[in-house]
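J.: Under the working numbering, think of the first position of the sequence shown as 1, with each following residue one higher.
Where a beta carbon is used, it is the ideal one built from N, C-alpha and C, also for glycine.
These figures come from a predicted structure and were not determined experimentally.
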Amino acid sequence: MTDTLARPAPTVARLIHGWDHLEWWVGNARAVTAWLTSGFGFEVVAYAGPETGLADRLSYVLASGDTRFVVTGGLDPDGEIAQHVLRHGDGIRHLAWQVDDAEEAADVAAAKGAEVVVEPVSVDGEHGSVTTSAIATYGETRHLFVDRGDWHGTGWGPHFTAERLPRRPVGPTVGTASIDHVVGNVELGCLDKWVAFYCDVLGFSEMRHFDADQISTQYSALRSTVVHNGAGVTMPINEPAPGLRKSQIEEYLDAYRSPGVQHIALATPDILTSVAAMKDRGVRFLDMPDTYYEDARRRVTGFDLDWEAMQRLGIEVDVDEGGYLLQVFTETVTDRPTVFIEIIQREGASGFGEGNFKALFEAIEREQARRGNL
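Set out below in structure tokens:
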């Protein structure tokens, strides 16, 4: 009885072991898969579609280190995938988490007030089953609880095959290892609501908060709060702040037609090698002016850094009490100015590049101006 009373009540945050995958809903899954493999070095490890028993969609599972993307396209023009893409363009539909029990996760979330949008369902296959459930979050984004405890196969899951997969594109090894964090954009005035959702409903903790005066340029600003579950899932949430011109968050919300995932940060143990490889493969990154590196050399001291290579590749650096980090950001990787990718290498630092915010947002504003959206 004493042990039972002392045991903390379950929260969704405590039930999550880490990221399972991120699922993209796109207009042409084959083309997006080709871009992510050829440009970012992912490998296709599984496929599902009409040939494997799915009538309305097809999906490719992409792997790089511990990161898994599922790229899904709809085959029915009136189906939910095609209609989602029609409204939002290509983007992230599911942020999927690993759990031991998808039914328990949904029940715990619902008891705290989360909206369960997909009740627990088990899909059976030759080697067992995978059980999932889903809850709503900002916009039309969903969190998917994935329980693979009854799946005993070597592949991804029921309906997926490792036969007749696209070959790995030729190119230097990129070597990204895991998902560092996933960033969401919400409407003006909604940040505190969603921070409360993750903390009060799902049991996450607030890690850091940045006010508009910390993330601003001459023209625009934003507010941001980082939440995490303490077991590998970290999610900054941004909202626009009033400014002289349209902020990057407002541009995203206009283009995506709702809140959603803005960028995915992929961790690498060697950012110089990863970024050089991606550039050789055709990926384009935001440009950093030479003046950034003049300032960074004065600001960041005491570390053995290859400043020449960093400047050549456009890589930024920041420090905190734990060490330093290196980061770089792609241009948007979708037709609409919505989703982009961050590459990050952490050497003890737990921050998010606060010292780079101004330079980064000025680089984004230069891209906005080129599109006529600043």
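Is DSSP giving residue 38 helix, strand or coil here?
T.: Correct three-state label for residue 38: helix.
J.: With 16 other CB atoms within 10 Å as the buried threshold, where does residue 205 fall?
T.: Residue 205 is exposed by the Cβ-count criterion.
J.: Who are the near neighbours of residue 55 in its chain, counting only those whose CB is closer than 8 Å to its CB and skipping five residues on each side?
T.: Contacts found: 75.
J.: Compare the Cα-Cα distances from residue 83 to each of 102, 45, 126 and 57 and report the closest residue.
T.: Minimum Cα distance to residue 83 is reached at 57.
J.: Would you kindly report the start and end of the unbroken beta strand (DSSP E) that includes residue 225?
T.: Run containing residue 225: 221-228, per the beta strand (DSSP E) assignment.
J.: In terms of residue numbering, what span does the beta strand (DSSP E) encompassing residue 324 cover?
T.: Looking at the DSSP string, the run of the beta strand (DSSP E) that includes residue 324 is 323-329.
J.: Tell me, to the nearest whole angstrom, how far the beta carbon of residue 251 is from that of residue 337; I am working on the premise that it is less than 8 Å.
T.: The pair is a contact, with the Cβ atoms about 6 Å apart (cut-off 8 Å).
J.: Quick check on the DSSP output: the beta strand (DSSP E) that includes residue 138 runs from which residue to which?
T.: First-last for residue 138: undefined, no H or E at that position.
J.: Could you tell me the boundaries of the beta strand (DSSP E) in which residue 179 lies?
T.: Residue 179 -> beta strand (DSSP E) spans 178-185.
J.: So what does DSSP say about residue 205, is it helix, strand or coil?
T.: Reduced to three states, the DSSP call for residue 205 is strand.
J.: Could you tell me the distance, in whole angstroms, from the CA atom of residue 124 to the CA atom of residue 135?
T.: Cα-Cα distance, rounded: 22 Å.
J.: In angstroms with no decimal places, state the Cα-to-Cα distance between residue 35 and residue 171.
T.: If you take the alpha carbons of residue 35 and residue 171, they lie about 13 Å apart.
J.: Counting C-beta neighbours from all protein chains within 10 Å, is the total for residue 70 16 or more, i.e. buried, or is it exposed?
T.: Classification of residue 70: buried, given that the 10 Å Cβ count is 16 or more.
J.: Within 10 angstroms of its Cβ, does residue 28 collect 16 or more other Cβ (buried), or is it exposed?
T.: Label assigned to residue 28: exposed.
J.: Could you check where the beta strand (DSSP E) with residue 54 kicks off and where it finishes?
T.: No beta strand (DSSP E) contains residue 54, which DSSP labels as neither H nor E.
J.: Taking only three categories from DSSP, how would you classify residue 278?
T.: Residue 278 falls in the helix class under three-state DSSP.
J.: Looking at the structure shown, is residue 360 part of a helix, part of a strand, or coil, going by DSSP?
T.: DSSP places residue 360 in helix when its eight states are reduced to three.
J.: Could you please give the first and the last residue of the uninterrupted alpha helix (DSSP H) stretch that includes residue 416?
T.: Here the chain comprises residues numbered 1 to 374, so residue 416 is not present and cannot be evaluated.
J.: DSSP state of residue 103, grouped into three classes?
T.: Looking at residue 103 - three-state DSSP - the assignment turns out to be helix.
J.: So what's residue 271 in DSSP terms, helix, strand or just coil?
T.: Helix, per DSSP.
J.: With distances taken from CA atoms, which of 131, 129 and 116 is nearest residue 140?
T.: The residue with the shortest Cα to Cα distance from residue 140 is 116.
J.: Thinking just about the alpha-carbon of each residue, which of 291, 312 and 324 is nearest to the one in residue 304?
T.: For residue 304, the nearest C-alpha among the options comes from 324.
J.: Taking DSSP's pairing of strands, which residues face residue 344 in a bridge?
T.: Paired residue(s): 267 and 327.
J.: Can you tell which of 271, 310 and 278 has the C-alpha that lies nearest to the C-alpha of residue 331?
T.: Of the candidates 271, 310 and 278, the one whose C-alpha sits nearest the C-alpha of residue 331 is 278.
J.: From 101, 39 and 90, pick the residue whose C-alpha is nearest to that of residue 12; which is it?
T.: Of the candidates 101, 39 and 90, the one whose C-alpha sits nearest the C-alpha of residue 12 is 101.
J.: Within the region 64-103, note down every full alpha helix (DSSP H) run reaching 4 residues or more, in order along the chain.
T.: Correct list: 80-88.
J.: Report the rounded CA-to-CA distance for residue 349 versus residue 19, giving the unit in angstroms.
T.: Rounded to the nearest angstrom, the two C-alpha atoms are 21 Å apart.
J.: What distance in whole Å lies between the Cβ atoms of residue 351 and residue 299, which are believed to be in contact at a cut-off of 8 Å?
T.: About 14 Å; that fails the 8 Å criterion.
J.: Buried or exposed, going by whether 16 or more other CB atoms sit within 10 Å of the CB of residue 429?
T.: Limits of the chain in this structure are 1 at one end and 374 at the other, which puts residue 429 out of reach.
J.: Can you list, in chain order, the residues of its chain with a C-beta nearer than 6 Å to that of residue 359? Leave out the 5 residues immediately preceding and following it.
T.: Cβ neighbours of residue 359 beyond the five flanking positions: 292.
J.: Just verifying my parser: in three-state terms, what is the DSSP assignment at residue 12?
T.: Residue state, collapsed to three classes: helix.
J.: Tell me whether residue 369 is buried or exposed, calling it buried when 16 or more other Cβ atoms sit within 10 Å of its Cβ.
T.: Exposed is the call here.
J.: From residue 284 to residue 154, what distance separates their C-alpha atoms?
T.: Their Cα atoms are separated by approximately 35 Å.
J.: Taking the alpha helix (DSSP H) that residue 317 belongs to, which residues open and close that run?
T.: Residue 317 -> not in any alpha helix (DSSP H); beta strand (DSSP E) instead, spanning 316-320.
J.: If you count every other CB in all the chains shown that lies within 10 Å of the CB of residue 68, and 16 or more means buried, which is it?
T.: The residue is buried, with at least 16 neighbouring Cβ atoms inside 10 Å.
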